[in-house]
Amino acid sequence: MNNKQYIAELARKTGFSQEDTQRLVRKVIDAMITQFEEGEQVTIPDFGTFEVKKRLERVVVNPLTKKRQLVPPKLVLGFRPVASVKEKINNGGEEDE
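Sequential numbering of the sequence shown, starting at 13, is according to my numbering.
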């Protein structure tokens, strides 16, 4: 599902126009980005938690040249789903009975 399809489906389910839905989704994403920039995590109930993690510097080896290189530390965005979402995905998207 691409962004256009997602917005259309969300608009259909909520009854809002596609333009209003697009603006709302953009505002939510902008608010999440602001929190990430501040180093905060964002938790969405019944879905999961997004958090910025620091990946430490490390040494890697190029398999062709056998040359060692230092990879600098960097920040990465991680996602940890809640157990119910994990379980649903592991069951192929079908509800437990």
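Glycine is no exception: its CB is placed at the ideal position from the N, C-alpha and C atoms.
Check whether residue i and residue j have beta carbons under 8 Å apart
i: residue 19; j: residue 34; result: yes
Reduced DSSP secondary structure (H/G/I, E/B, other) of residue i
i: residue 14; result: coil
i: residue 92; result: strand
i: residue 108; result: In this prediction, residue 108 scores a pLDDT of 48, lower than 50, which makes its location untrustworthy; the coordinate-derived value is nonetheless stated afterwards. Coil.
i: residue 23; result: helix
Run of the alpha helix (DSSP H) containing residue i, from where it starts to where it stops
i: residue 97; result: 95-102
Can you check the region 27-88 for any alpha helix (DSSP H) of at least 4 residues that lies completely inside it and give the ranges in chain order? 30-49
Does the count of Cβ pairs from the region 66-77 and the region 31-45 closer than 8 Å reach three? no
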